[in-house]
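>
Protein chains: 2
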Amino acid sequence: VLIAVDAMGGDLAPREVVAGAVEAARHGTSLILVGPEARVREELAQHGETANLPIAIADADEAVAMDEAPLAALRRRPRASVRVAARLVATDQAQAFFTAGHTGAAFLAAHAEFGMLPGVDRPALAVIVPTRDGAAVLLDAGANPECQAEHLRQFGLMGSAYAQVALGVSKPRVGVLSIGEEAGKGNDLTREAHALLSTAPINFVGNLEARDLFSGRADVVVCDGFTGNIALKVGEGVAELIGQLLARELGSIIASDARLEEAFGRFTRRVDPSESGAAPLLGVAKLALIGHGRSTADAVRAGIAMAVRLANGTVVERLKQALAGRAS
Amino acid sequence: VLIAVDAMGGDLAPREVVAGAVEAARHGTSLILVGPEARVREELAQHGETANLPIAIADADEAVAMDEAPLAALRRRPRASVRVAARLVATDQAQAFFTAGHTGAAFLAAHAEFGMLPGVDRPALAVIVPTRDGAAVLLDAGANPECQAEHLRQFGLMGSAYAQVALGVSKPRVGVLSIGEEAGKGNDLTREAHALLSTAPINFVGNLEARDLFSGRADVVVCDGFTGNIALKVGEGVAELIGQLLARELGSIIASDARLEEAFGRFTRRVDPSESGAAPLLGVAKLALIGHGRSTADAVRAGIAMAVRLANGTVVERLKQALAGRAS
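Protein chains in written order, with this note's numbering: chain A, 503 to 830; chain B, 503 to 830.
1. From the DSSP output, which residues share a beta bridge with A:R675?
2. Would you call the CB atoms of A:P780 and A:A809 closer than 8 Å?
3. So, at 6 Å on beta carbons, what are the nonlocal neighbours of A:A521 in its own chain, with the 5 sequence-adjacent residues on each side left out?
4. If you follow the beta strand (DSSP E) that A:S532 is part of, which residue opens it and which one closes it?
5. A:S700: buried (16+ other C-beta within 10 angstroms of its C-beta) or exposed?
6. Starting from the beta carbon of B:E711, find every residue of chain A whose beta carbon is closer than 7 Å, and list them in chain order.
7. Less than 8 Å between the beta carbons of B:A645 and B:S583, yes or no?
8. Locate the alpha helix (DSSP H) running through B:I806, then write down its first and last residues.
9. Using a C-beta to C-beta distance shorter than 8 Å, which residues of chain A count as neighbours of B:D831?
10. Does A:E694 have its Cβ less than 8 Å from a Cβ in chain B?
11. On the criterion of 16 or more Cβ atoms from any shown chain inside 10 Å, does B:Q666 qualify as buried, or is it exposed?
12. Taking Cβ positions, are B:V507 and B:V524 nearer each other than 8 Å?
13. With a cut-off of 8 Å, does the C-beta of A:S830 fall near any C-beta of chain B?
14. I'd like to know whether the C-beta of A:A515 is nearer than 8 Å to at least one C-beta of chain B.
15. Distance cutoff 8 Å, beta carbons only. Does B:S700 sit that close to anything in chain A?
16. Using a Cβ-Cβ distance cut-off of 8 Å, determine whether B:G644 contacts chain A.
17. I want to verify the contact list: residues of chain B whose CB lies under 7 Å from the CB of A:F721, in sequence order.
18. Considering A:G522, what are the terminal residues of the alpha helix (DSSP H) in which it resides?
19. My output table needs one value for B:P620: the three-state DSSP class, helix, strand or coil.
20. Does any CB atom of chain A fall closer than 8 Å to the CB of B:A824?
21. Does the Cβ of B:N814 have 16 or more other Cβ atoms within 10 Å, making it buried, or fewer, making it exposed?
22. B:T692 by DSSP, collapsed to three states: which one?
23. Given this structure, state the Cα-to-Cα distance separating A:G730 from B:P625, to the nearest angstrom.
24. Anything in the region 631 to 655 of chain A with a Cβ closer than 9 Å to a Cβ of chain B? List those residues in chain order, please.
25. Residues in the same chain with beta-carbon distance under 7 Å from B:H613, minus the five sequence neighbours each way, listed in chain order, please.
26. Label A:D569 either buried or exposed according to how many other C-beta atoms from any shown protein chain fall within 10 Å of its C-beta, with 16 as the threshold for buried.
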């Protein structure tokens, strides 16, 4: 498979993106780096001999910046890097694209270039979060700040199909993120979504409190994109804070003990969000993966690996079946 | 001061509530335990000699259960423990009440018994969260699942006044919890709230991403009660998960080293939500404090200590001034 990589998207682009891409190519992944050609070549030159690597370049303009209104920016610059990356997928020159840039711009580019799956009104960013004994899928993690209950129903269908592939669970338990477990708790959106999901052809387990996001009580957790993004970023913030406080209290002790340092490293990797690398935008007709805005080379490499895994699988086909109400 | 304690509220009531109350009384706090008298006496009897402690009992019915509709429950049972506790404050027999029971029921009881401060449409639960080098106030943490922008403006005024007392900050930095720092990011509610707070007589610092809740970038973070509760519970869930993973990776090593065990204990206390004990319901006309539903005796003791601290201060007076637009 071939993965189109938006070389210009993300806070640390193009440096870290190109570094991660080179790493992925050295491990055998075929890539198309998308960005201003001279700029991309310049970055590639930082990595020694790359001429023999399976890396092509597709010329494009700069990325949509984080503080730009994405719709206007993409209209003004149809050759923005993320749009060109999406076009490569639309025309089957690549099987998936990866960007660490503006989420809204990535969705608009995907939507414009290859459209939506039948039965989907809004796409959802599906993020994998660690749980006590495994992982769970959280969606929408930020593509749609305002959602209606029907969107959450669609997220439930898509999330269930995605969890079968991404987590290898045959009958994923699907819950609604809310503030109380009883059906009547929550806000208007969660109450209505609870009713719709109760009759959907999935293994619906009801409302979940936010602490249960990490307890393993559900395999798929659906919510609107505002709530999902808050949940994800709070998780990151707490993990970061705990890391800092632990380092302050235990740092010197840990550094003095090789066993401790190794155990602490295992722990850190387990809770590091960049380990999962990228989240697919479920609901668009082809594969679009979005990485964390602060993606480092390691995160980019992990994101590209995720794109390869999904491109080799049958995610889009399974989503189509799930949305059509067929058992998968 | 005298604190009314809802002996029946919370998942672990009355056992842990009475145990925490006895502990507080042994440290000199005067209390009124509110609940079915025989039941409360029975629990008190578990703690040896308590006759000399400054503990009175106010007879009441059972608590409002977590799965009851609180409005109907309080109408049906005007002598429910939380309602009687609120009445003791309304009639100045106590200066504050504490409950670890149903948040909605606590608000309705407070509202019915002593009403709202002028200028407040909705109360907000103000929780103190740890940050890297201190603490911040998050409100609303769950009293109002559906909010309008005007409510968030009021939360900003109240939160700012409360942070002056609770955190000892003279000009608290107030931010809106959103999904992107730019004024245009977020959902309809946060965009409108951003505009209203920009002209409010507080030190408004704009939108905050959820990871900044713990970074110390703001002293006061406002949001609707659904979002605030999700943020709080995700924080708890991540802290719990990290604790479990750390124990799995490092447990045996930590237990074998006294220095490590001590440092780890300091760390755990720092991130333990029960350490702050209780959150005031800001906006009601007198002091109402709400503890975590799972409050243990230690958390109840800390919650009562918080009630004493606020009752000895001038929080309600300061809130009144802030809401009237007077500098404090």
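C-beta atoms are modelled at their ideal positions from N, C-alpha and C, and glycine is treated no differently.
In short:
1. Here the question's residue 675 of chain A lines up with position 173 in the first sequence. A:R675 pairs with A:N705.
2. Working through the first sequence from its first residue, we reach residue 780 of chain A at position 278. Working through the first sequence from its first residue, we reach residue 809 of chain A at position 307. One detail in the question is off: residue 780 of chain A reads as Ala in this sequence, not Pro. The answer is yes: Cβ separation under 8 Å.
3. As a working mapping, residue 521 of chain A is identified with position 19 in the first sequence. Hits under 6 Å: A799.
4. Locating residue 532 of chain A in the first sequence gives position 30, counting from the first residue. S532 to G537 is the extent of the beta strand (DSSP E) around A:S532.
5. Counted from its first residue, the first sequence places residue 700 of chain A at position 198. Label assigned to A:S700: exposed.
6. The sequence position of residue 711 of chain B within the second sequence is 209, counting from 1. The answer, in chain order, is K735.
7. Counting from 1 along the second sequence, the entry for residue 645 of chain B is found at position 143. Counting from 1 along the second sequence, the entry for residue 583 of chain B is found at position 81. Inclusion of B:A645 and B:S583 in the CB contact set at 8 Å is not warranted, their separation being larger than that value.
8. Counting from 1 along the second sequence, the entry for residue 806 of chain B is found at position 304. In the DSSP assignment, B:I806 falls within the alpha helix (DSSP H) that extends over A799 to N814.
9. Given that chain B is displayed from residue 503 to residue 830, the structure contains no residue 831 of chain B and the question cannot be resolved.
10. On the first sequence, position 192 is the one that residue 694 of chain A refers to. Using a CB distance cut-off of 8 Å, A:E694 does not count as an interface residue toward chain B.
11. By one-based count along the second sequence, residue 666 of chain B stands at place 164. Burial call: buried.
12. Start at 1 with the first residue of the second sequence, and residue 507 of chain B comes out as number 5. Start at 1 with the first residue of the second sequence, and residue 524 of chain B comes out as number 22. For the 8 Å CB-CB criterion, B:V507 and B:V524 do not form a contact.
13. For the purposes of this step, residue 830 of chain A is taken as the residue at position 328 of the first sequence. With a pLDDT of only 46 at A:S830, under 50, the local geometry of the prediction cannot be trusted, and no value is derived from it.
14. Here the question's residue 515 of chain A lines up with position 13 in the first sequence. When Cβ-Cβ separations below 8 Å define contact, A:A515 makes no contact with chain B.
15. Taking the first residue of the second sequence as position 1, residue 700 of chain B is located at position 198. Contacts with chain A at 8 Å (Cβ-Cβ) do not include B:S700.
16. One-based indexing of the second sequence puts residue 644 of chain B at position 142. Yes, B:G644 counts as interfacial toward chain A.
17. Counted from its first residue, the first sequence places residue 721 of chain A at position 219. Correcting the residue type first, residue 721 of chain A is Asp in the shown sequence and not Phe. Those do not exist, as A:D721 stays about 16 Å from chain B at its closest Cβ, beyond 7 Å.
18. In the first sequence, counting from the first residue as 1, residue 522 of chain A sits at position 20. Segment R517 to R528, the alpha helix (DSSP H) holding A:G522.
19. The count along the second sequence starts at 1 and reaches residue 620 of chain B at position 118. Here B:P620 sits in coil by DSSP.
20. Position 322 of the second sequence, counted from the start, is the residue given in the question as residue 824 of chain B. At least 8 Å separates the CB of B:A824 from every CB of chain A.
21. The count along the second sequence starts at 1 and reaches residue 814 of chain B at position 312. Answer is exposed; the Cβ neighbour count stays below 16.
22. Indexing the second sequence from 1 puts residue 692 of chain B at position 190. Helix.
23. Walking along the first sequence from the start, residue 730 of chain A turns up at place 228. Walking along the second sequence from the start, residue 625 of chain B turns up at place 123. Taking the straight line joining both Cα atoms gives about 25 Å.
24. For the region 631 to 655 of chain A, the set of positions with a beta-carbon nearer than 9 Å to some beta-carbon of chain B reads P632, T633, R634, G644, P647 and E648 in chain order.
25. As a position in the second sequence, residue 613 of chain B is number 111, starting the count at 1. So the list reads V786, once near-sequence residues are dropped.
26. By 1-based counting over the first sequence, the position of residue 569 of chain A is 67. A:D569 comes out exposed.
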